[in-house]
Structures are given as C-alpha cells and as structure tokens.
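Colleague:
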Amino acid sequence: MGIIHSLSADLINQIAAGEVIESTHSILKELIENSIDACATKIEIATDSAGFGRILVSDNGHGIQKEDLPLAIKRYATSKIQDFHDLEHLFTFGFRGEALASIASVSRMVLESGTEGNRTAYRVTVEEGKIVKEEEIPFFLGTKIEIKDLFYNTPVRRKFLKTETGEEKKNRARVQTMAVSEPSIGFRYLQNGKEVLNVVPEDGLERVLSVYGENLRDHLLAVNSSRNGMTLRGWISHPDFYKSSRTGQFFFVNNRSVELKFSAQILKRCYGELLPSGAFPYAFLFFDLPREFVDVNVHPQKKEVRFLSEETITGILFQGITEVLRTSTPVEFLEMRRRLSMPIPYENRGGESSFGTGFGGPGFGLNQMGQGMFGNLQTEGETLIGPSSIEGRQGYSLEGIGAGTNLHLLGENLTKHNLFVPKKHYGVLFETFILAEAEDGLYIIDQHTAHERIRYEEVLRDLKSKAYKSQSLLTPIRLELTKEEAEEMLEEKHRFSELGITLEPFSGGTILIREVPSYIDPGKETETILDLWERFKQKDPEDKELYDEMAKCVACRSAIKKGDQVSDPIIGELLQRLSYCENPSLCPHGRPTLIKLTRKDLETMFHRI
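Residues are numbered in this note's numbering as their position in the sequence shown, beginning at 1, plus a constant of 103.
1. Determine the closest residue to V427 out of T246, G337, K145, with distance taken between C-alpha atoms.
2. Should L606 go down as buried or exposed, given a rule of 16 or more other Cβ atoms within 10 Å for buried?
3. Report yes if the C-beta distance between G289 and P304 is below 9 Å; otherwise report no.
4. Classify N274 as buried or exposed, calling it buried when 16 or more other Cβ atoms lie within 10 Å of its own Cβ.
5. State the CB to CB distance for the pair T417 and I369, rounded to an integer number of angstroms; the pair is presumed to be in contact (CB under 8 Å).
6. Over what stretch of residues does the beta strand (DSSP E) that includes H202 continue unbroken?
7. State buried or exposed for D162, treating a residue as buried only when at least 16 other CB atoms are found within 10 Å of its CB.
8. Label F254 either buried or exposed according to how many other C-beta atoms from any shown protein chain fall within 10 Å of its C-beta, with 16 as the threshold for buried.
9. Along the chain, where does the beta strand (DSSP E) that runs through G332 open and close?
10. Taking the continuous alpha helix (DSSP H) assigned at Q668, which residues delimit it?
11. I158 and K251: beta carbons closer than 9 Å?
12. Alpha carbon to alpha carbon, what distance is there between K371 and E238?
13. Comparing C-alpha positions only, which one of R226, Q279, E125, V235 sits nearest to S205?
14. Can you tell me which residues form a DSSP beta bridge with Q352?
15. Buried or exposed: F389, going by 16 or more other Cβ atoms within 10 Å of its Cβ?
16. So which of A589, L649, L681, E648 has the shortest CA-CA distance to L300?
17. Suppose the cutoff is 8 Å on Cβ atoms and the five residues either side in sequence are ignored; what does the same chain contact list for E219 look like?
18. With three or more beta-carbon pairs closer than 8 Å as the criterion, would you say the stretch 657-673 touches the stretch 528-541?
19. Whose C-beta lies closer than 6 Å to the C-beta of P620 among residues of the same chain, with five residues either side of it excluded?
20. Nearest by alpha-carbon distance to Q352: which of L392, P695, E362 is it?
21. If we ignore side chains and look at the alpha-carbon of each, how far apart do P379 and E628 end up?
22. Mind checking whether A153 and E267 have CB atoms under 9 Å apart?
23. Three-state secondary structure (DSSP) at Y571?
24. How about N295 and D151: are their beta carbons less than 9 Å apart?
25. Tell me the start and end of each unbroken beta strand (DSSP E) in the stretch 561-609 that is at least 3 residues and wholly inside, in chain order.
26. Using the Cβ count rule (16 or more neighbours within 10 Å means buried), how would you classify L705?
27. Considering just the uninterrupted stretch of the beta strand (DSSP E) at D713, what are its terminal residues?
28. Grab the span of the beta strand (DSSP E) containing K526 for me, first residue to last.
29. Excluding the 5 residues flanking H710 on each side, which residues of the same chain have their C-beta closer than 8 Å to its C-beta?
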C-alpha cells in the first residue's frame, strides 16, 4: 500500500493559515484590505486581548451578496481575479482567495454583510472553517467580520507568539501604516474598548501628521520624482530630525505597504554624512507604478514585491531623495557657511571682548561678551593656523556655530590626557578632517566625532555631579504624539525627571515640556527628548544607564557636522577640549575621533629611515 495520500481540507486550511496568518496583525491586514477593495470610506476596527479574544472589522463598503457568503470562506474562492491576465494587472489588495478560509479554520467567525437593493442583511456563523448557522438580520450597508478565540484549536501556534502587550503594539502599528496608505478613508481603532486612532479622510501629509504626530510638520521635505511613467511621491525628514531606529521609514507600492530590501541602504547613501552614525531619517514614500511592472504575488502575506526592473526603482528613489536634499538643505548650510567664512571682528581692550554684531556675522546673537569669559584672548592678527601654538589658550565659545552647538568652559581640576596633546593645527581637509601637530606626530581629527566625544563627556559629567540647572519655560514645548505613545511616555515621567526634564499631560496625545536642563542646546529640546524616548523603547535602560543614554542623545544632536565650516580659533578650542577628554580617541558610539601618524611613520613612508 502506498504511503502518499491527499490531505484533508481542514488540514490544508490550517497549513495555509500558518503561511497567511503570522499573528493578529496579519489578520487585521487581510480584513482591512478587503474593506479597502470594497470601496469603503470608513473602516472601524476593534481588538480585545491583543486580538486573541476578539477582532472586529466593519466597513461601509459595497458588501457581499447572500449567495456569495458561503463561498467567501472557501479556499481559492475570490471575486477579484478571473484568469492569469488579471494577476499581471491587479487593482485590488486581497486576491489570493485564501485569507478568510485560513482565518476561519483557526477561529470562531461571524460574517455579516448587506448590499444595496436589499431590505435585510445576512449573517453566517463559522466554526473550524464550516458554516454552522445562517440567518437574516436588520439591513446595513457594508460588511462586519468578528473573529473570536483565535488559535483555540491550534494552541501550539499561540505559544510562539509574543505577549499581549507586544502584539497590541504590532496591531496598532499595522493599522497606523494602513491608515497612512489610504488617506481618503476614515479609520477608527479601539483596543480593549479604548480609542487609539480616529482619523477622517484627509490629504496625504495631514494623514501622516494625524497618525504620527504634529512634531513632524516642520521637519518633512516633499519628494516628487518621475521616470518612464513611474512616480515617487511622499516625504522624508530634514537631516536635523531623525530616529535612532528604522521604525519611522515606510514604503508603499501602489498604496500597498511593502518591505523594500534596498530602501535602507539607498536612504543611508543619499543622506551620507548629513546624518550622524546610528541616525535614521523618517520616510513616507509612495511608488505609483504600472500594474504590469510589479508582481505582488511572491509572498504569502504580500509583504514583499518583485519589480520588472529593480534598477529603475532604485534609480527613481535615489534621484527623488538626492534632489530634495540638494535643493532643500543647502540653503541653510550655504547661509551658515557664508556667515562663518566672514572675518571675526573683535578688539582686545584690557581683557574685555566685544564682538561687534555677533560671532561670524549677523544673526548668531553673541553680542558684548562679558569680561574675562575666555581668559586671555589672542591679540588681533594672531592666528591658529601655521606655526602659531594652541597651547595655553582657554578657547572660544562655539555657541551659534555649525549645528548650533556649545563648547562649554572647561571644568575645574581637569588635566590634559597624555594620549593627545596638540601644539598646532593647519586647518581642515574636505570640510571634515582637522590636521594637527603634536610632539609625538601628526594627527588627523574628524571634527564631528571629536565634538561628539567632547559634548558626551561634558553632559555626562554634568549629569553625574548634578551640575546643571533645570529651566522653567515661559512657553511650554508641545510634543504631539498619538494617545498611546503619550500614555507610554508619561509612564516614564520619573526617568525624564531624573534627567531634569519635566513632562505634563495636556490633552489627547499632547504632552507639554515644562522644564528642560541647561545641558540641552536651545532649539534642540524636541529632537533630543524624542530621540531619548526612542532609546527607552528599544533598550529599556537601567537607571544607571540613563545618564549615558542622555549624554549620547545630546552629543548626537549638538555636535558639529561634516561640512560645517568652523573658524580657526574654534578649531583650536575644539582640539584643546578634546585633549582634556578621558577618552579622546573614540566617540560615544565607538567610532575613531583621530588617527595618528608618528614621525617615524612619516620618515618610513618617505624612505628616510
């Protein structure tokens, strides 16, 4: 007797469920896509116990005819394709005809629907993939699908899923992403009876802000690019606004949320040194492509797609992002560089320093600096380039320079680190690397990572010694978050308070920042606090790690960037302070700040020895 046999329909459906249903968020995706295909203008979602207790998705779409309800839960039954040609020209999201059958096989399902022209609607009750009851109900237009006791008959599947808290976050993220993909549809989502999302039909940008917070409004750059009948549209964040993870990056192909393997690398390449290490820009990018150019049938959950020409897609993406970065960001940089390239007007009047209209040109607001702030300043005409020594100088303030940073005054009782004691510097190469000479050789210093190290140690020292002051703000700073994000953030109020930050609930998803510590640079409060919050969510640091995480956030946000044209005296001050750092050779993230070539190295290279 042979050993090969046909599987039962029930077992086939449960195997398919393992492919289609990753978790409750996969079910939400399938059901919401069906509602979108039904031309719904309003979709309501509710989940209890992360969806394991109940999932309800209802819409006001065109509904399902009575005679089609039994077919809707059969495998490979669909109204969305007829032949192979349809697969190459898909205009719908759900088309494989296996989602409802798979879901029904591992749950208890109630399917209700009403269509135009009828006086009543209809309900079918399904258990283990079989209809156990059919009945007429009062009329409504649209479809409601309620799923209970998910995986009750396959408990092993339930064991391998995350906790309810983790699944609820995934569910929320899934609904938010789908709401962004379809701004013309209203979405309402309740978790355990509590509303976590409620958006009305609106334009694309407003939908992004409604879902992910008003904090993004002033930091997004519009992207529009087209080539050969294909378009890229959407928004990316300005280089000064980023996250410490890729969770703010979303890509859509013909309004379908997808995972693009090459997207992260292209974004990183486009931004380049505009972003510090470990920083990830926000991206909400939509590809509108001819239907025959993309195959969405390569993944059971349709998370990935295949393109007829991936090179074309990467080209459009690269072109669109680089164009907007080139035209949007250099305006500020060029103006900054114009100011920084101007001579520094000052007079030395018996220890009193007066910088005219401000350091490096108008607009930096450093007028009439106080007597003795910097100690003995260099005399007029003296320069730190060439043979002039930087030893013994107490330095110049970096306030208002580059990315809006401060090089604070040196603390008391600090000694120079013997690993790096510079004597002279010779300017900057490639707008990034400082050349400096010391007794033991030639140093090449990365101005960004060096300043990160300086700021990191300064802030960490202030935090550990409580040497900073918290400043009450006359006008509180508003953080516009989603309701659940605001609640989660406020649960960590004590951690922020430990760092000198006072948070206060306002309304909905709005949080007010009432007090900020003096070590956060003015104008960088929102970005720094949101960056810290992202780190909390990813890492859940212990109390002893709080100071370290905060110091890294401030250092990332405030350090001089590649391309910031810094004056010669400030370079001298930066090198001076780097020499006082406990670890001058590495930035807080472990990247090198400097490379040394000894005299012997140079003589060997030139065959002098």
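Here a beta-carbon is modelled for each residue, glycine too, at the ideal position from N, C-alpha and C.
Modeller: Working from what's here:
1. For the purposes of this step, residue 427 is taken as the residue at position 324 of the sequence shown. Ranking T246, G337, K145 by Cα distance to V427 puts G337 first.
2. Counted from its first residue, the sequence shown places residue 606 at position 503. L606 should be labelled buried.
3. Against the sequence shown, residue 289 aligns to sequence position 186. Against the sequence shown, residue 304 aligns to sequence position 201. For G289 and P304, yes; Cβs fall inside 9 Å.
4. Residue mapping note: residue 274 aligns to position 171 of the sequence shown, counting from 1. Buried, since its Cβ has 16 or more Cβ neighbours within 10 Å.
5. Numbered from its first residue, the sequence shown carries residue 417 at position 314. Numbered from its first residue, the sequence shown carries residue 369 at position 266. Their Cβ separation, rounded to whole angstroms, is 6 Å, which keeps T417 and I369 in contact under 8 Å.
6. Here residue 202 corresponds to residue number 99 of the sequence shown, with the count starting at 1. Reading off the sequence, residue 202 comes out as Ala, not His. No beta strand (DSSP E) contains A202, which is instead part of the alpha helix (DSSP H) from 202-208.
7. Counting from 1 along the sequence shown, the entry for residue 162 is found at position 59. Label assigned to D162: buried.
8. Here residue 254 is taken as the residue at index 151 of the sequence shown, counted from 1. Buried: at least 16 other Cβ atoms inside 10 Å.
9. Residue 332 sits at position 229 when you count from the first residue of the sequence shown. Unbroken run through G332: none, as it is neither H nor E.
10. By one-based count along the sequence shown, residue 668 stands at place 565. It is not in any alpha helix (DSSP H) - Q668 carries neither H nor E in the DSSP assignment.
11. Within the sequence shown, numbered from 1, the residue matching residue 158 stands at position 55. Within the sequence shown, numbered from 1, the residue matching residue 251 stands at position 148. Yes, these two residues count as a Cβ contact at 9 Å.
12. As a working mapping, residue 238 is identified with position 135 in the sequence shown. As a working mapping, residue 371 is identified with position 268 in the sequence shown. Their Cα atoms are separated by approximately 56 Å.
13. Counting from 1 along the sequence shown, the entry for residue 205 is found at position 102. For the residues R226, Q279, E125, V235, the minimum Cα distance to S205 belongs to E125.
14. Translated into the one-based positions of the sequence shown, residue 352 becomes position 249. Partner(s): A386.
15. Position 286 of the sequence shown, counted from the start, is the residue given in the question as residue 389. Its Cβ being crowded by 16 or more others within 10 Å, F389 is buried.
16. On the sequence shown, residue 300 is found 197 positions in, with the first residue counted as 1. L300 has its Cα closest to that of A589, out of A589, L649, L681, E648.
17. Residue 219 sits at position 116 when you count from the first residue of the sequence shown. Cβ within range, chain order: H165, G166, L244.
18. yes
19. The sequence position of residue 620 within the sequence shown is 517, counting from 1. Cβ within range, chain order: Y571, S573, G603.
20. Locating residue 352 in the sequence shown gives position 249, where the first residue counts as 1. Among L392, P695, E362, the Cα nearest to that of Q352 is on E362.
21. Translated into the one-based positions of the sequence shown, residue 379 becomes position 276. Translated into the one-based positions of the sequence shown, residue 628 becomes position 525. One C-alpha to the other measures close to 18 Å.
22. As a working mapping, residue 153 is identified with position 50 in the sequence shown. As a working mapping, residue 267 is identified with position 164 in the sequence shown. Contact flag set, yes.
23. Taking the sequence shown and counting its residues from 1, the one referred to as residue 571 is at position 468. Here Y571 sits in coil by DSSP.
24. The residue labelled residue 295 in the question sits at position 192 within the sequence shown. The residue labelled residue 151 in the question sits at position 48 within the sequence shown. In contact: N295 and D151 (Cβ atoms closer than 9 Å).
25. 573-583
26. Within the sequence shown, the letter at position 602 stands for residue 705. When all chains shown are included, L705 counts as exposed.
27. Nothing in the structure corresponds to residue 713, since the chain is present only between 104 and 712.
28. By 1-based counting over the sequence shown, the position of residue 526 is 423. Looking at the DSSP string, the run of the beta strand (DSSP E) that includes K526 is 525-532.
29. On the sequence shown, residue 710 is found 607 positions in, with the first residue counted as 1. Excluding sequence neighbours, H710 sits near nothing in its chain.
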